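According to my numbering, the sequence shown is numbered sequentially starting from 173. Beneath this line is the structure, given in structure tokens, with notes to follow.
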Amino acid sequence: MITNIYIGNELIAKFMGYKNGDEVNVETSSERCEPIKTWAKYHAEWNWLMPVVKKILNEMPVSGISISEIKEGVLEVNIRYTWTQVVNYIESYNTQTYKKMALTSEEILRGNELIALFDGWEFINDAPEAYPQGYYMQDGCGIFEPNEFIYHNTWEWLMPIVQKLENLPDCAGFHITESHVYANYKNEDDSSLFYEAIYYKSHSKLRVSGDLVNSNIFDSDLTKIECVWKMVVLVVEWYNKVYNK
């Protein structure tokens with residue numbers, strides 16, 4: 173638990189978007205240039221702390237990390253207690269919710285098989301000597317073994333599935349751009365899935381939430397097509413669970 177005001181304020185400042193090197197104090201003359209931790213007042217002034225509280229409550233709630241103590245501090249108008257709980261939350265947020273994600277071979281195999289079934293392929297296991305892992309068939313497409321599907325790295329395979337998902341009646345929002353993929357699904361029983369990925373040259377950032385998946389934010393090494401593939405797998409999983417496929 174962080175109790176040092178300087179360290180806590182620096183943690184909050186970074187959470188709010190300040191980066192290393194942002195040292196200009198807007199409340200002093202331009203001649204002073206000190207690290208934000210030396211002049212930030214998150215611990216002492218509500219007009220500093222409340223934007224942080226609002227960000228946590230409205231934008232960044234994550235399952236498994238309690239926010240009740242933050243609400244309690246605000247209701248009791250106890251700024252030091254609230255500050256402490258905000259710092260505790262951000263510590264947990266930084267260590268628990270940001271997980272480095274990369275696709276494993278097992279995940280790719282399982283995900284591609286899941287997509288294949290959604291795509292109309294039939295799994296058959298009637299020739300264990302020739303096909304010990306079984307095989308898939310679809311009219312006009314021949315036989316594919318489980319490890320031969322390439323939805324995860326070929327747009328020609330993946331985009332027809334994306335189009336199917338986009339046309340599902342439960343689709344409440346869906347788009348793919350050069351740097352962003354977004355999908356939002358919700359059915360009549362209020363079962364929902366939200367997926368968002370922002371991809372950069374060196375990495376990507378994913379946000380996943382809904383009542384059938386854990387709410388989490390991930391830093392990842394996924395490429396653009398892998399981010400879209402991950403979204404496809406999650407939507408197909410959600411669809412199968414909701415409709416008992």
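Ideal Cβ positions, reconstructed from N, Cα and C, are used throughout, including at glycine. Keep in mind the model is a prediction, meaning the values are calculated, not measured.
A distance below 9 Å separates the beta carbons of residue 275 and residue 402. The three-state reading of DSSP puts residue 338 in helix, counting H, G and I together. For residue 310, the uninterrupted beta strand (DSSP E) segment begins and ends at 307 to 310.
When DSSP states are grouped into helix, strand and coil, residue 358 belongs to the strand group.
The C-beta of residue 184 has 16 or more other C-beta atoms within 10 Å across all chains shown, which makes the residue buried. In the three-state reduction of the DSSP assignment, residue 330 falls in the helix class, which pools H, G and I. Taken atom to atom, the span from the alpha-carbon of residue 242 to that of residue 214 is near 14 Å. Under DSSP, no beta-bridge partner is assigned to residue 221.
Per the DSSP secondary-structure output, residue 367 pairs in a beta bridge with 355 and 380. The beta carbons of residue 293 and residue 303 sit no closer together than 9 Å. Rounded to whole angstroms, the separation of the alpha carbons of residue 320 and residue 187 is 43 Å. Judged by DSSP in its simplified three-state form, residue 313 adopts coil rather than helix or strand.
If you compare the alpha carbons of 230, 315, 283 and 178 with that of residue 256, the shortest gap goes to 178. A residue is called buried when at least 16 other Cβ atoms come within 10 angstroms of its Cβ; residue 295 does not meet this threshold and is exposed. By the Cβ neighbour-count rule, residue 334 is buried, with 16 or more other Cβ atoms within 10 Å of its own. In terms of Cβ geometry, residue 246 and residue 323 do not form a close pair [threshold 9 Å]. Distance from the Cα of residue 395 is smallest, within the candidate group 252, 376 and 410, for 376.
Under DSSP, residue 296 forms a beta bridge with 307.
Straight through space, the alpha carbons of residue 342 and residue 357 are spaced by roughly 5 Å. In the structure shown, the three-state DSSP call for residue 274 is coil. Taking C-alpha positions only, residue 298 is separated from residue 306 by approximately 7 Å. For residue 338 and residue 211, the gap between their C-alpha atoms comes out near 49 Å. Within the DSSP secondary-structure output, residue 290 pairs in no beta bridge.
Taking C-alpha positions only, residue 244 is separated from residue 261 by approximately 14 Å. For residue 187, the enclosing alpha helix (DSSP H) has its first and last residue at 177 to 187.
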